[in-house]
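Participant: Each residue of the sequence shown is one higher than the one before, starting from 42 at the first, in the numbering used here. Can you keep this structure in mind? I'll have questions shortly.
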Amino acid sequence: MKKSMWSVKIILGCLALCIILLCGTACSFWKDSSDSDNAEINLYPAFVVGNGVCKWGLINDEGKFVVKPTYDHIEWEAGKRFARIYARIAEPAEANKEGAENTDPRVADEAPMSVGLIDRSNGKVILQPKYLFVTDFSEGLATVQVAEDKYMVIDEKGKTVFESKDMVGLFSDGLVWFKTLKDGEPLYGYMDKKGKVKIEPIYKEAGSFTDGQALVTIEEGIHAVINDKGKNVSNLSFARVGGMSEGMIKFLDNESGKWGYADADGKIVIQSQFDFVDSFQDGFAIVGLNNKFGLINKKGEFVIPAEYQRIIALGKGYYSAYKGSVPNPKYFPKAVFNQEGQQLTGALYYDVGNYQNGYFSVCDGKATYFIEKNGQQARKLPKFNELGRLEFDGDLIKAQFDRQLKYYTKDGKLVWESKVAYKMGNIYFEERKYMPSWTTVSYYPQMVDYQDVVLQSKINKLIENAVLENNRVHEPDAEGAFPADIREDHYSLNRYQDLLVIKYEAYYYPVGAAHGEPRVRMHHINLQDGTVYQLKDLFIPGANYRERFAAEINRQIAGSTKTEEGEPEMKFAGFKQEPSFQITRDKLIIYLLASEITEYSYPGIISFDISYDKISDIIDTKGALWQSFHKKVSGVEQLTPPADSTQGSDDIPEAEPVY
Numbered sequence: 042m043k044k045s046m047w048s049v050k051i052i053l054g055c056l057a058l059c060i061i062l063l064c065g066t067a068c069s070f071w072k073d074s075s076d077s078d079n080a081e082i083n084l085y086p087a088f089v090v091g092n093g094v095c096k097w098g099l100i101n102d103e104g105k106f107v108v109k110p111t112y113d114h115i116e117w118e119a120g121k122r123f124a125r126i127y128a129r130i131a132e133p134a135e136a137n138k139e140g141a142e143n144t145d146p147r148v149a150d151e152a153p154m155s156v157g158l159i160d161r162s163n164g165k166v167i168l169q170p171k172y173l174f175v176t177d178f179s180e181g182l183a184t185v186q187v188a189e190d191k192y193m194v195i196d197e198k199g200k201t202v203f204e205s206k207d208m209v210g211l212f213s214d215g216l217v218w219f220k221t222l223k224d225g226e227p228l229y230g231y232m233d234k235k236g237k238v239k240i241e242p243i244y245k246e247a248g249s250f251t252d253g254q255a256l257v258t259i260e261e262g263i264h265a266v267i268n269d270k271g272k273n274v275s276n277l278s279f280a281r282v283g284g285m286s287e288g289m290i291k292f293l294d295n296e297s298g299k300w301g302y303a304d305a306d307g308k309i310v311i312q313s314q315f316d317f318v319d320s321f322q323d324g325f326a327i328v329g330l331n332n333k334f335g336l337i338n339k340k341g342e343f344v345i346p347a348e349y350q351r352i353i354a355l356g357k358g359y360y361s362a363y364k365g366s367v368p369n370p371k372y373f374p375k376a377v378f379n380q381e382g383q384q385l386t387g388a389l390y391y392d393v394g395n396y397q398n399g400y401f402s403v404c405d406g407k408a409t410y411f412i413e414k415n416g417q418q419a420r421k422l423p424k425f426n427e428l429g430r431l432e433f434d435g436d437l438i439k440a441q442f443d444r445q446l447k448y449y450t451k452d453g454k455l456v457w458e459s460k461v462a463y464k465m466g467n468i469y470f471e472e473r474k475y476m477p478s479w480t481t482v483s484y485y486p487q488m489v490d491y492q493d494v495v496l497q498s499k500i501n502k503l504i505e506n507a508v509l510e511n512n513r514v515h516e517p518d519a520e521g522a523f524p525a526d527i528r529e530d531h532y533s534l535n536r537y538q539d540l541l542v543i544k545y546e547a548y549y550y551p552v553g554a555a556h557g558e559p560r561v562r563m564h565h566i567n568l569q570d571g572t573v574y575q576l577k578d579l580f581i582p583g584a585n586y587r588e589r590f591a592a593e594i595n596r597q598i599a600g601s602t603k604t605e606e607g608e609p610e611m612k613f614a615g616f617k618q619e620p621s622f623q624i625t626r627d628k629l630i631i632y633l634l635a636s637e638i639t640e641y642s643y644p645g646i647i648s649f650d651i652s653y654d655k656i657s658d659i660i661d662t663k664g665a666l667w668q669s670f671h672k673k674v675s676g677v678e679q680l681t682p683p684a685d686s687t688q689g690s691d692d693i694p695e696a697e698p699v700y
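Next up, the structure:
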């Protein structure tokens, strides 16, 4: 019995390294948005994918690779000069002989990754991808974690400025906090740009310097604002503080349990009255009150009333907000507000990008385009009938349409777009996307360049029709809110002689529910005539295969999960409908929802392997389904599958990347 929880992959498999580093009060200072904002950008991250193998490189503004795609991932911010390049520490096992698996090419898998830096102005690698972590550049310097207790600070040419055994943050005002251990206790101090200690490590927590001042914690409940000489400017009597920005310190009043703001002298400027407070940006701060959010100025006056489910800072004093029923902005249309709290647009946009060059990227659920600062559509910039987000990146427009990456000129001419392709023996597949609405998306394969055009069209239509039937479009209600979200964005391809097996994995989420429901869908197609097989086609007529499966499933359950009394923890009561199944070379896989097995509470998919020898007496070995993957295909090389192979196209050559 195999348990398979649906898991959403998060940006970068090395995220665990970031979590280790991004700790304490200093965690918010690892990223800096000011350096290289106006840097010359000549090269753009792009990738090639074939048979699940994804490699990244850099293209020029004509869409040609200048830096060959050799990296396992590239992470970058539009408009920033430097990009992080990643390499797997250990290569994954060879899986391509077993078929081809679709993954989100923007996201690295869970394999450990090492990181380096590449200069997008010239394609030069300034830091080889062999390190644990690297921060953004700030004041021309970046911090690199070399090993568990070894750090170095580099300049923009990759030259080492100094090394340290202590964790080092981001530079600001010419100083950087560092974290060391004394008698096992973490303490913070400050260094200058040469690595010389300027303020001794005597603080429990420490923030970055701004305008010559920094907020520190001396002991629990004792805080201070210090100058760049380490002298106390003011002592703070608040039990808890939440950081300082633009001269405003967030503090918690223990008696009321509410948050307020004080200035750098410790004087209360805005009384404690909020359930949540954010840092001030551009003179404004997002605050929460009675489970709703609003925007205040430095006088504590509401600029946007606290009546929104969520408010999102867009930069330069602009915000988006929505009034939906759950705190997930994806499912609700948002309005855009300016610095004065004036509403510039109606609640029209499911996605609103950050302020950039005087524009915002917006997606209204039907198209993606730019609007100007006054809320009007930017008519001189392109509009795309796809759903996602746009960003200015150098001389191009970067478009992220779900997981498809594209680059356009500013007049809308396509420069480059990502493509995913597979080769399985003598058959080629390309990936297609079905995204009829903001919350419905499916990715699926289509045959291309096959010698039998009629058969290719038939098989492609079968696959496409099944996608349409199994991914019902959910329309928004009168207020624009979506009731459900379905993503069928993961599939795998396997070929066994004449049998093509496609496995789709999806996640259905009713908006507002505690969790969603994973789904598995299979397609078994004969590549010679386009026949779509059902489970019953594997067995002799009249065979009661469901009862045999149920008995085998309960046998496996009893052998793997028992109570303290020695009884099975679960029991399968039997199939209410035809189960989802997967044919492999040497076994049958049956998929069940966890809810189909009593006392199994998590929302997952459980798979059960049933070897053919256990059901050989009811298999129709002369039937079309069995024969489709038990005969030699002429002209196709026979390969011996790996010893531990449980599925795969073991009758075709190793899958080859197609770019």
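Note that beta-carbon positions come from the ideal geometry of N, C-alpha and C, so glycine has one too. Since this is a predicted model, take the numbers as computed values, not measurements.
1. Under the DSSP definition of a beta bridge, which residues are partnered with residue 410?
2. How big is the Cα-Cα spacing for residue 479 and residue 407?
3. Could you spell out the range, first to last residue, of the alpha helix (DSSP H) harbouring residue 586?
4. Please classify residue 456: is it buried, with 16 or more other beta-carbons within 10 angstroms of its beta-carbon, or exposed?
5. Assign residue 117 to one of three DSSP states: helix, strand, or coil.
6. What first and last residue would you give for the beta strand (DSSP E) that runs through residue 457?
7. Is the distance from the Cβ of residue 122 to the Cβ of residue 177 below 8 Å?
8. Which same chain residues end up closer than 8 Å to residue 106 when comparing Cβ atoms and leaving out the 5 residues on each side of it in sequence?
9. Suppose contacts are defined by Cβ-Cβ distances below 8 Å. Is residue 448 in contact with residue 85 by that definition?
10. So what's residue 189 in DSSP terms, helix, strand or just coil?
11. Does the beta-carbon of residue 556 have 16 or more other beta-carbons within 10 angstroms, so that it is buried, or is it exposed?
12. Is it the case that the Cβ atoms of residue 269 and residue 292 are separated by a distance below 8 Å?
13. Can you tell me where the beta strand (DSSP E) holding residue 313 begins and where it ends?
14. At the level of alpha carbons, what is the spacing between residue 307 and residue 525?
15. Return the CA-CA distance between residue 190 and residue 323, expressed in angstroms with no decimal places.
16. Please say whether residue 125 and residue 156 have beta carbons closer to each other than 8 Å?
17. How far does the beta strand (DSSP E) with residue 533 in it reach, from first residue to last?
18. Give a yes or no on whether the C-beta atoms belonging to residue 228 and residue 243 are separated by under 8 Å.
19. Are the beta-carbon atoms belonging to residue 435 and residue 82 less than 8 Å from one another?
20. Do residue 586 and residue 627 have their C-beta atoms within less than 8 Å of each other?
21. Going by DSSP in three states, residue 278 sits in which element: helix, strand or coil?
22. How long is the line joining the alpha carbons of residue 496 and residue 578, rounded to whole angstroms?
23. Along the chain, where does the alpha helix (DSSP H) that runs through residue 576 open and close?
24. Restricting to Cα atoms, I'd like to know which of 318, 311, 295, 271 is closest to residue 284.
25. Mind checking who residue 650 pairs with in its DSSP beta bridge?
26. Helix, strand or coil: how does DSSP classify residue 100 here?
27. Drop a sphere of 10 angstroms on the beta-carbon of residue 375, count the other beta-carbons inside from all chains shown, and report buried for 16 or more, exposed for fewer.
28. Can you tell me where the beta strand (DSSP E) holding residue 566 begins and where it ends?
29. Where residue 487 and residue 90 are concerned, what is the direct C-alpha to C-alpha distance, given to the nearest angstrom?
30. Confirm, please, whether the CB-CB distance from residue 410 to residue 425 is below 8 Å.
31. Can you grab the Cα-Cα spacing for the pair residue 273 / residue 256, in whole Å?
32. Could you tell me which residues DSSP puts in a beta bridge with residue 160?
33. Quick one: residues in its chain with C-beta nearer than 8 Å to the C-beta of residue 620, no 5 flanking neighbours on either side, listed in chain order?
34. Suppose contacts are defined by Cβ-Cβ distances below 8 Å. Is residue 474 in contact with residue 445 by that definition?
35. Relative to the alpha-carbon of residue 629, which residue among 670, 419, 363 has its alpha-carbon at the smallest distance?
36. Where residue 645 and residue 258 are concerned, what is the direct C-alpha to C-alpha distance, given to the nearest angstrom?
Facilitator: The relevant details are as follows:
1. Looking at the DSSP assignment, residue 410 forms a beta bridge with 403.
2. Cα atoms of residue 479 and residue 407: separation of roughly 8 Å, rounded to the nearest angstrom.
3. Where residue 586 is concerned, the enclosing alpha helix (DSSP H) stretches over 586-601.
4. Label assigned to residue 456: buried.
5. Coil, per DSSP.
6. Unbroken beta strand (DSSP E) run through residue 457: 455-458.
7. Result no, Cβ atoms of residue 122 and residue 177 do not sit closer than 8 Å.
8. Closer than 8 Å at the Cβ level, and outside the excluded window around residue 106, lie 87, 98, 99, 100.
9. Contact: yes.
10. Reduced to three states, the DSSP call for residue 189 is coil.
11. Per the 10 Å Cβ criterion, exposed.
12. No Cβ-Cβ contact shorter than 8 Å links residue 269 with residue 292.
13. For residue 313, the uninterrupted beta strand (DSSP E) run begins and ends at 309-315, by DSSP.
14. Here the alpha carbon of residue 307 sits roughly 48 Å from the alpha carbon of residue 525.
15. Using only the alpha carbons, I get a separation of about 37 Å.
16. Cβ distance < 8 Å, so residue 156 and residue 125 count as in contact.
17. Boundaries of the beta strand (DSSP E) around residue 533: 525-537.
18. Yes; because the gap between Cβ atoms is below 8 Å, this pair is in contact.
19. Result yes, Cβ atoms of residue 435 and residue 82 sit closer than 8 Å.
20. No, the Cβ-Cβ distance between residue 586 and residue 627 is not below 8 Å.
21. The answer is coil: DSSP assigns residue 278 none of H, G, I, E or B.
22. Rounded to whole angstroms, the gap between the alpha carbons of residue 496 and residue 578 is 21 Å.
23. Looking at the DSSP string, residue 576 is not in any alpha helix (DSSP H), and its letter there is neither H nor E.
24. Nearest C-alpha to residue 284: 318.
25. Residue pairing of residue 650 in beta bridges, as defined by DSSP: 630.
26. Here DSSP, grouped into helix, strand and coil, assigns residue 100 to strand.
27. Residue 375 is buried by the Cβ-count criterion.
28. Following the DSSP letters along the chain, one finds residue 566 inside the beta strand (DSSP E) bounded by residues 558-567.
29. About 15 Å.
30. Taking 8 Å as the Cβ cut-off, residue 425 and residue 410 qualify as a contacting pair.
31. If you draw a straight line from the Cα of residue 273 to the Cα of residue 256, it comes to about 10 Å.
32. Answer by DSSP bridge pairing, in chain order: 123.
33. Closer than 8 Å at Cβ, skipping near neighbours: 576, 587, 590, 631, 632, 633.
34. It is a contact, given that the beta carbons lie within the stated cut-off.
35. Ranked by Cα distance from residue 629, the first of 670, 419, 363 is 670.
36. Near 44 Å, if we compare the C-alpha coordinates of residue 258 and residue 645.
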